[in-house]
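Asker:
There are 2 protein chains.
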Amino acid sequence: MDNKFSSAIHALILISESEEPLTSEKIAGSVGTNASYIRKIIGLLKKNGITESRRGVSGFVLKPKPEDLTLLQIYQAVNKTEHPCLFDLHKNSNDKCIVGYHIKPVLNGMFAELEDAFARALAEKTLADCIRGIRKRLEAET
Amino acid sequence: MDNKFSSAIHALILISESEEPLTSEKIAGSVGTNASYIRKIIGLLKKNGITESRRGVSGFVLKPKPEDLTLLQIYQAVNKTEHPCLFDLHKNSNDKCIVGYHIKPVLNGMFAELEDAFARALAEKTLADCIRGIRKRLEAET
């Protein structure tokens, strides 16, 4: 597990809330990491149509509206996978044993169902929800 | 990610379906691993009241009924945690930036909600469901 997902959400909130395209250096300053790590993440987001660069301007902008960008899309982009992978199935079960022979397809099916449920929960949340959460805390402060 | 969870389910199906207490050596033979790895897993299951040993008999037996044993209980036991941890939050966000300052509690809350949804999905499945899946495949074969 790494923190690419949470760093990507942080970067996208900054990009979305900024009035000007943001550079990787500025984003890295807020996320608390280095610019090359941010460029790596933004590269993955760009590949998935989440951010874009504007010709002649340095920095990145958000392509979809925050309310249309789900956490699932961000998760898929930074993890380079369509389907979240939350389980590791043991590979060497003994095919000569009835349980050992049949367990792989049974657990694969069951794990896929659980991963689908997780993906649906991720798809129900958007970048706009994260931004709203931060705004609420700001309002409560004042 | 390791395969303790899927190995534990495999071991528990064997223990549940066996008419006699099963030793770690026999379980390891079907799971395709070594007996000490199985003993480590069974130790975690025993600590959580999932398996037990019978006095004077070598081997392990299942304590709850398979229909009462949820995949969440198995997951919690082998991962030594009450709450599934699926996300890693970046720790060094800059407190001097508004987003950097407020993102931690916002993402912590959001990630906890997603982990809860995953836990609920795990709690809806039982060891009996896994056993049923294997029996169905066996019936389809004959």
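Read top to bottom, the protein sequences are chains W and E.
The opening residue of the first sequence carries number 1 in this note's numbering; numbering runs sequentially from there.
The opening residue of the second sequence carries number 1001 in this note's numbering; numbering runs sequentially from there.
We put the beta carbon where it would ideally sit given N, CA and C, even for glycine.
Predicted, not measured: the structure shown is a model, and the values here were computed from it.
1. Alpha carbon to alpha carbon, how far is Asp1088/E from Lys1104/E?
2. By the three-class DSSP mapping on this structure, what secondary structure does Phe5/W have?
3. Counting only Cβ-Cβ distances shorter than 9 Å, please list the residues of the region 16-38 of chain W near chain E, keeping chain order.
4. What residues in the region 54-86 of chain W have a beta carbon less than 7 Å from any beta carbon of chain E?
5. To which residues of the same chain is Leu1072/E closer than 7 Å at the C-beta, ignoring the five residues directly before and after it?
6. Please state if the CB of Ile15/W and the CB of Leu22/W are separated by a distance shorter than 8 Å.
7. In this structure, what does DSSP give as the bridge partners for Thr51/W?
8. Expressed to the nearest angstrom, what Euclidean distance is found between the alpha-carbon atoms of Ile42/W and Tyr75/W?
9. Compute the distance between the beta-carbons of Gly59/W and Gly1100/E, then report whether it is under 8 Å.
10. Leu22/W by DSSP, collapsed to three states: which one?
11. Is the shortest distance between the beta-carbon of Lys1046/E and the beta-carbons of chain W less than 8 Å?
12. Using CA atoms only, rank isn't needed, just tell me which of Ala1112/E, Ile1038/E, Glu1113/E, Cys1130/E is closest to Glu1067/E.
13. Between the Cα of Ser1147/E and those of Gly1029/E, Val1061/E, Lys1040/E, Asn1034/E, spot the shortest distance and give me the residue it belongs to.
14. Which residues in chain W have a C-beta closer than 8 Å to the C-beta of Leu1122/E? List them in chain order.
15. So who's on the other strand from Thr1081/E, going by DSSP bridges?
Answerer: Based on what the coordinates show:
1. Within the second sequence, numbered from 1, the residue matching residue 1088/E stands at position 88. Within the second sequence, numbered from 1, the residue matching residue 1104/E stands at position 104. Between Asp1088/E and Lys1104/E, the C-alpha separation is close to 11 Å.
2. By one-based count along the first sequence, residue 5/W stands at place 5. Of the three classes helix, strand and coil, the one that applies to Phe5/W here is helix, per DSSP.
3. Glu17, Gly29, Ser30, Val31, Gly32, Thr33
4. Leu86
5. Mapped onto the second sequence, residue 1072/E falls at position 72. The answer, listed in chain order, is Ala1119, Leu1122, Ala1123.
6. Sequence index remark: in the first sequence, residue 22/W carries index 22 (1-based). Sequence index remark: in the first sequence, residue 15/W carries index 15 (1-based). Going by C-beta atoms, Leu22/W is nearer than 8 Å to Ile15/W.
7. Locating residue 51/W in the first sequence gives position 51, where the first residue counts as 1. Per DSSP, Leu62/W.
8. Counted from its first residue, the first sequence places residue 42/W at position 42. Counted from its first residue, the first sequence places residue 75/W at position 75. For Ile42/W and Tyr75/W, the distance between alpha carbons rounds to 13 Å.
9. Here the question's residue 59/W lines up with position 59 in the first sequence. Here the question's residue 1100/E lines up with position 100 in the second sequence. Cβ atoms of Gly59/W and Gly1100/E: not closer than 8 Å.
10. Position 22 of the first sequence, counting from 1, holds the residue named residue 22/W. Looking at Leu22/W - three-state DSSP - the assignment turns out to be strand.
11. Taking the first residue of the second sequence as position 1, residue 1046/E is located at position 46. With 8 Å as the cut-off, Lys1046/E does not count as an interface residue toward chain W.
12. The residue given as residue 1067/E occupies position 67 in the second sequence. If we check each option's Cα against that of Glu1067/E, Cys1130/E comes out closest.
13. The structure shown has nothing for residue 1147/E, since chain E only spans 1001 to 1142.
14. Translated into the one-based positions of the second sequence, residue 1122/E becomes position 122. Neighbours of Leu1122/E on chain W, chain order: Leu114.
15. In the second sequence, counting from the first residue as 1, residue 1081/E sits at position 81. Note: Thr1081/E sits in no beta bridge, so no partner.
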